[in-house]
Each structure stands twice: as C-alpha cells, then as structure tokens.
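Read the structure below first, then the notes.
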Amino acid sequence: HMTLYNGYKAALSGWTHTRDYAKGFLRNINGKATAVVSGLVPAAQYLYSIYASDTIGGPMAWHQDNLDSVNHGVETTVTQDGYYMVQMNGVTAANPRGEITFEFDRVGRGHAQLTAIAIAAVAGP
C-alpha cells in the first residue's frame, strides 16, 4: 500500500520493481499495473494528478509511450520524460465501493512508471 499525502490509501499491484531515479514504482514487462485509491465517498467527484519522475533524464531507452487509464476508461498515451512531471490529470467519480482505479499499461520497451498520486474531493455525490 501507498499512503497519499491527504491520508487516502492506494493498493498497488503489477509493479515489477522500484528505483531511486524514478522515485517510485516501475513495470518493465508488457501488461498492466494498477493503483486503486480507496476510502473515498462513493459517486463523489475527485480531482487527480498522476506524477512520474526521472532524475536521470535524457532520451533513454525506457522513455517510451505507455497507456494509462482511470476507472477502466479510455487509455491516454503518456511518456516518462521529465522530472516530477504530471503524466495525467483530470476529474473522475469514485465507484460504488469508494474507489478510483488507475491503470498503467506498459507497451513496447519502456517502463510504466508511478511516482505519486495527488487526489482531492471537488464535489459530493
């Protein structure tokens, strides 16, 4: 589990390893890793930002496009190529269990990467 700054918890699965240069979690085989944030109000709207960090920088082989999604929705193409860079952000609703699911689909040769999740309630159900 990962405890977020505002006290929410995220259950992580499918990540293959951690690295200091990424300041977090990586997946280096094809397929999906997830972060499921729980303890939310069902049907409430939440603002989210997903961060990826790379302290090495440069055009490394692991800087490839990957596909991220929220609550099993449309996949968005993202690239890990910045220092504390927001990969994806938006507003979404918690499901009936009070959860939001973030999926990170590693494709190609790069890394799917997760440094941090920021989440905050913006509206009740």
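Under my numbering, the first residue of the sequence shown is numbered 66, with each subsequent residue one higher.
Glycine is no exception: its CB is placed at the ideal position from the N, C-alpha and C atoms.
Item: Excluding the five sequence neighbours on either side, which residues of its own chain have a C-beta within less than 6 Å of the C-beta of A15, listed in chain order?; Value: No information on residue 15 is available, as it lies outside the stretch 66 to 190 that the chain covers here.
Item: Rounded to the nearest angstrom, how far is the Cβ of A100 from that of I182, given a contact under 8 Å?; Value: 6 Å
Item: Going by the DSSP bridge assignment, what does D170 pair with across the sheet?; Value: K97, L132
Item: Here's the rule: buried if 16 or more other CB atoms are within 10 angstroms of the residue's CB, otherwise exposed. What is I94?; Value: exposed
Item: Apart from the five residues just before and just after G155, which ones in its own chain have a Cβ nearer than 8 Å to its Cβ?; Value: L112, Y113, V135
Item: What do you reckon, are the CB atoms on M67 and A117 nearer than 9 Å?; Value: no
Item: Considering Cα atoms alone, identify which of I115, S78, A108, A87 is closest to G96.; Value: S78
Item: With distances taken from CA atoms, which of T144, V187, I184, L179 is nearest K88?; Value: L179
Item: How should V102 be labelled, buried or exposed, when 16 other C-beta atoms within 10 angstroms of its C-beta is the threshold for buried?; Value: buried
Item: So, for T81: in the same chain, excluding its five sequence neighbours on each side, which residues have a beta-carbon less than 7 Å away from its beta-carbon?; Value: L91, R92, N93, I94
Item: On the DSSP bridge assignment, give the partners of T144 in chain order.; Value: D130
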